[in-house]
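Straight run, no breaks: the sequence shown in this note's numbering ends on number 233. Ideal Cβ placement from N, Cα and C applies to all residues, glycine included. Read through the structure below, which is laid out as C-alpha cells, and then see the notes.
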Amino acid sequence: MYIDVRGKRPAKNSVQSGPERGDRAFTRAGLQVLFVLLTQPAAASTKLRQLAEASGTSLGTAQGVVGELEQTGALVPTSTGRRLHRPGQLYDRWVEAYATRLSPSLYLRSFRADRLDWWRAARSEDPDLVVGGEAAAAALDTMLRPESVTFYVTRTPTQLVRQHRLVPVPRKEANVHLKRRFWDEQVVRGSKGLAPTTLVFADLVTSGEPRLREHAERLRRADARLLELDGS
Numbered sequence: 002m003y004i005d006v007r008g009k010r011p012a013k014n015s016v017q018s019g020p021e022r023g024d025r026a027f028t029r030a031g032l033q034v035l036f037v038l039l040t041q042p043a044a045a046s047t048k049l050r051q052l053a054e055a056s057g058t059s060l061g062t063a064q065g066v067v068g069e070l071e072q073t074g075a076l077v078p079t080s081t082g083r084r085l086h087r088p089g090q091l092y093d094r095w096v097e098a099y100a101t102r103l104s105p106s107l108y109l110r111s112f113r114a115d116r117l118d119w120w121r122a123a124r125s126e127d128p129d130l131v132v133g134g135e136a137a138a139a140a141l142d143t144m145l146r147p148e149s150v151t152f153y154v155t156r157t158p159t160q161l162v163r164q165h166r167l168v169p170v171p172r173k174e175a176n177v178h179l180k181r182r183f184w185d186e187q188v189v190r191g192s193k194g195l196a197p198t199t200l201v202f203a204d205l206v207t208s209g210e211p212r213l214r215e216h217a218e219r220l221r222r223a224d225a226r227l228l229e230l231d232g233s
C-alpha cells in the first residue's frame, strides 16, 4: 500500500477565512459603513453609492457590507426599503470592534491646553470641527465636567492651534485630541456641532475611565437614537 502526500492548492470553491466568511462589516472600512447604518436609519434604503460616500468608503466596501448583513439577516427588506434587524445587538458589536479596530486608526495628533473653556465656541471659529468624546457628552449631560476635548476633523486646525496656544504632547499627557472624521457630516449629523451620539457613547466606553463609563450608560438610557436602537 502506498500513501502519496503532496502539497495541493485549495479548490477555488473552498471556504475562505477572514472577511470573506462574514467579517466584512467589522473591518475598519466595514465599521465605517455600519456606523452610518446605525446612526442614520434611512441610510439602509439609500443607493450603495450614496452609502459609500456617506461613510467615506469605496462602493465595493459598501456593497460587500450590505450584502453580508442581508445574508446574515441583520438587514431585512420591508415594504418601504431595508431596515436593521435587532440593531441594539449589532450596535454592541460595533462598539466593541470600534475600540480595537477603527478608533486607533482615526487618531491624528494630541495637544495640551492650559484652559479648555473655549471648546464650546470652537465650532463657530472653525466649521470643520466636530466635537466628540467627553466634551460632546458634557454638552448633552450637565452632570459631566470634561477634562479633555476631542475634535473630529478633516484637516489639522492650524488657526485653532495657534489661537489657543496648543502644545504638542504625547497622547497620555494631552487634553486636546484630534481624530479623523470619516463620515460625511452633511448626511450623518449630530446636534449643534457634536458628533452623533452613537459615536459619543462609543468614545466614552472605550476611554477605559470608570467615570466616563457611568456617563455613557446614562447617555444610552436618555438619548433618543440609542433608545431606538435598543428598542427595535
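> Can you tell which of L49, S104 and Y108 has its C-alpha closest to the C-alpha of R83?
Replying inline: In the sequence shown, residue 83 corresponds to position 82, counting from 1. Looking at the Cα atoms, L49 is the closest of the given residues.
>> Run through the DSSP bridge pairs and tell me what K180 is partnered with.
In response: As a first step, residue 180 must be located in the sequence shown, where it is residue number 179. Y108 and Y153, per the DSSP bridge assignment.
> Which residues in the same chain as G19 place their Cβ atom closer than 6 Å to its Cβ, once the five residues preceding and following it in sequence are excluded?
Replying inline: Your numbering for residue 19 matches position 18 in the sequence shown. For G19, the predicted structure reports a pLDDT of 36, less than 50, and the residue's modelled location is therefore unreliable. A value from the coordinates is still provided. Excluding residues within five positions, none has a Cβ falling inside 6 Å.
> Taking the beta strand (DSSP E) that V188 falls in, what are its first and last residues?
Replying inline: Counting from 1 along the sequence shown, the entry for residue 188 is found at position 187. From DSSP, V188 is part of no beta strand (DSSP E); its letter is neither H nor E.
> T199 to T79, Cα distance in whole Å?
Replying inline: Looking up residue 199 in the sequence shown gives position 198. Looking up residue 79 in the sequence shown gives position 78. Cα-Cα distance, rounded: 24 Å.
> Which residue or residues does DSSP assign as beta-bridge partners of R83?
Replying inline: Residue mapping note: residue 83 aligns to position 82 of the sequence shown, counting from 1. For R83, which the question treats as bridged, DSSP gives the partners P78.
>> I need the boundaries of the beta strand (DSSP E) containing G133, first residue and last residue.
In response: For the purposes of this step, residue 133 is taken as residue 132 along the sequence shown, with counting starting at 1. Unbroken beta strand (DSSP E) run through G133: V131 to G133.
> DSSP state of R222, grouped into three classes?
Replying inline: Along the sequence shown, one-based indexing puts residue 222 at 221. Note: R222 maps to helix in three-state DSSP.
> Closest to D115 by CA distance: which of F27, T81, D93 and Q164 is it?
Replying inline: The sequence position of residue 115 within the sequence shown is 114, counting from 1. For D115, the nearest C-alpha among the options comes from Q164.
>> So the candidates are K180, F202, P88 and A137; which of them puts its Cα closest to the Cα of R156?
In response: Your numbering for residue 156 matches position 155 in the sequence shown. R156 has its Cα closest to that of K180, out of K180, F202, P88 and A137.
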